[in-house]
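Each remark here refers to the structure printed beneath this line.
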Amino acid sequence: MKLNRIETILATGIYLFVLVIIFSNQSHAWGTRHVVSLMAYATIIYGAYLVFTQWISPVFFRVRKIDAGIALTLLLFFLVWLGLTGCMWVRDYHLRDYHQWDDGRFVPHLKRGESLGGALLVFLLLFAYEGIKRLIRYLQQTRSTLATRIAKESLVVLGGGTLIFVMLMAVEEKLAAFWLAVVPYAYLIFALNIYWLLPLKEKRGYSPQLYGLMAVGISFVAFIPSGLFFLNVMRSAEDLYFVIWICLNLVVIPLAIFVYKRQKERISQLVNLKMELGQTSAGLSFLRSQINPHFLFNILNTLYGTALQEDAERTATGIQKLGDMMRFMLHENNQDRILLAREIDYLRNYIDLQLLRTATSTGITVECDINDALEGTYIAPMLLIPFVENAFKHGISLKDKSWIKISLYEAEGKVYFDVHNSIHRKPETDPEQRHSGIGLENVRQRLAMLYPDRHDLVIRETTQEYFVHLTIVC
1 MKLNRIETIL ATGIYLFVLV IIFSNQSHAW GTRHVVSLMA YATIIYGAYL
51 VFTQWISPVF FRVRKIDAGI ALTLLLFFLV WLGLTGCMWV RDYHLRDYHQ
101 WDDGRFVPHL KRGESLGGAL LVFLLLFAYE GIKRLIRYLQ QTRSTLATRI
151 AKESLVVLGG GTLIFVMLMA VEEKLAAFWL AVVPYAYLIF ALNIYWLLPL
201 KEKRGYSPQL YGLMAVGISF VAFIPSGLFF LNVMRSAEDL YFVIWICLNL
251 VVIPLAIFVY KRQKERISQL VNLKMELGQT SAGLSFLRSQ INPHFLFNIL
301 NTLYGTALQE DAERTATGIQ KLGDMMRFML HENNQDRILL AREIDYLRNY
351 IDLQLLRTAT STGITVECDI NDALEGTYIA PMLLIPFVEN AFKHGISLKD
401 KSWIKISLYE AEGKVYFDVH NSIHRKPETD PEQRHSGIGL ENVRQRLAML
451 YPDRHDLVIR ETTQEYFVHL TIVC
């Protein structure tokens, strides 16, 4: 509804602008009747646009009332044809008096079928305009990519530019030709700056002077086809070639810079909001997890003491490692960054606990090559463990041969982490079969937010193997 209102306001503004141009030419060669006929011509086109786009199309065609929509469209076409015929009759009546035509020349002039051709052209453009609007709506509903954004913007320029072009054609053909030459060029320069030059300047660190030279050079080359078309239509306007080029670039390039900066600010705000929302959700989850932690630790200490009394050394070791992991989860997991050494300790404790479960199985091989971290290296918590959890969950079978290979080392400010494991598909009856793998997806999102352009995650999967390679620039 908001877009329809904006569309109507823009169309009304264009219509009033055309009326002002027509009225301002009354002092030239045009007489009063000629001006009135042109104003009526523009009013008929504007009225047909409003009736078709704001009533017939949304009320009938979009809700599948095809028969009523076709009938009303034909009725509107007849009325537009009739109105254009009257406008052209008034125009030709004025031209007869101005050129002193006789009746033998005046009557055939009405019989050229200009009004029918004009009505057909108006409705052809209205249909094209509606088609462009529907295509834009479709692109808005699809996933936003660079191609879809450019296509959507091009369609908006095409639709709006076509509407203005038709109205200008009814007033002054040279003015319409000028519009036809300028609009495609202006959008081309705008798109080149927004989607190529400005991102390139930011990515490679170009100076403002170098960017300015590139923008001016590209705009000059791009203006050649439009400029030649303009000179072909306006043969006496050679002196205006560079004036028009300069004026267009003084408007389009600063506008592109302004829009690009606003888009960057909006993206930055969205990223910050997303990170804050993620931190809030993590904080809420952390609070929920703190359900009387002291009680849990007391229970673990009791179990640990009981296991030692019964000479159950492996059980006691497992309870101790579980307690260390729980302390990590409660006290360090909510921090933005932790020492890589602490993340490695947690990782080793988790692997040791899993090995307690698989120690008696001969067909399971777990190889770990985890180097100690250098002092002062920090990392976001819980980035590595989801991949190891996934490996033990899907890579271990107590019946079939299984293996897991884990490698972690640090070099030159980068952390290299690899997990390679076998795959054992769960049966359809297994409740874990429908697990959505939110842990890995959560890690992807956290990496994108915390290490943008500073990480490389590669995941490969076959029917028998699963491989993960992660590189993080700390």
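Per the UniProt record's numbering, residue 1 is the first one in the sequence shown, and the count goes up by one each step. For each residue, glycine too, the CB sits at the ideal point set by N, CA and C.
Asked: Could you give the DSSP three-state label for CYS368: helix, strand or coil?; Found: strand
Asked: Under a Cβ-count criterion, where at least 16 other Cβ atoms within 10 Å of its own Cβ denotes burial, should CYS87 be classed as buried or exposed?; Found: buried
Asked: Please report the straight-line C-alpha distance between ALA176 and PHE77, rounded to a whole angstrom.; Found: 24 Å
Asked: Spatial neighbours of ARG454 within its chain, please: C-beta separation below 6 Å, excluding the five flanking residues on both sides.; Found: VAL473
Asked: Note down the Cα distance separating ILE257 from LEU198, rounded to an integer number of angstroms.; Found: 8 Å
Asked: Report, in whole angstroms, the separation of the C-beta atoms of LEU383 and LEU347, which I expect to be a contact under 8 Å.; Found: Actually they are not in contact, since the Cβ atoms of LEU383 and LEU347 sit about 10 Å apart, beyond 8 Å.
Asked: On a CA-only basis, which of ASN371, GLY395, GLY413 is nearest HIS420? Give me that one, please.; Found: GLY395
Asked: Please list the terminal residues of the continuous beta strand (DSSP E) segment that includes TYR451.; Found: No beta strand (DSSP E) holds TYR451; DSSP gives it neither H nor E.
Asked: Below 8 Å on the Cβ atoms is my contact criterion, and I expect LEU440 with PRO386 to pass it. Report the Cβ-Cβ distance as a whole number of Å.; Found: 6 Å
Asked: Note the first and the last residue of the continuous beta strand (DSSP E) segment covering THR471.; Found: 465-473
Asked: Tell me HIS420's beta-bridge partners as DSSP assigns them.; Found: LYS405, PHE467
Asked: Is it right to say LYS261 is buried, meaning 16 or more other beta carbons lie within 10 angstroms of its own, or is it exposed?; Found: exposed
Asked: To the nearest angstrom, report how far apart HIS469 and ARG460 are at their CA atoms.; Found: 9 Å
Asked: So the candidates are HIS424, LEU126, ILE338, ASP324; which of them puts its Cα closest to the Cα of ASP352?; Found: ASP324
Asked: Going by DSSP, what residue range makes up the alpha helix (DSSP H) through THR360?; Found: Premise fails: THR360 is in no alpha helix (DSSP H) and is neither H nor E.
Asked: DSSP three-state label for LYS414, please.; Found: strand
Asked: Output the distance between the C-alpha atoms of ILE56 and ILE253, rounded to the nearest integer angstrom.; Found: 39 Å
Asked: What number of angstroms, rounded off, separates the C-alpha of SER361 from the C-alpha of GLN354?; Found: 12 Å
Asked: Classify ARG425 as helix, strand or coil using the three-state DSSP reduction.; Found: coil
Asked: Grouping DSSP H, G and I as helix and E and B as strand, with all else coil, what is ILE291?; Found: Confidence at ILE291 is low in this model, with a pLDDT of 45, below 50, so its placement is unreliable and the value that follows should be read with caution. The answer is coil: DSSP assigns ILE291 none of H, G, I, E or B.
Asked: Give me the Cα-Cα distance between PRO452 and ASN371, rounded to the nearest whole angstrom.; Found: 25 Å
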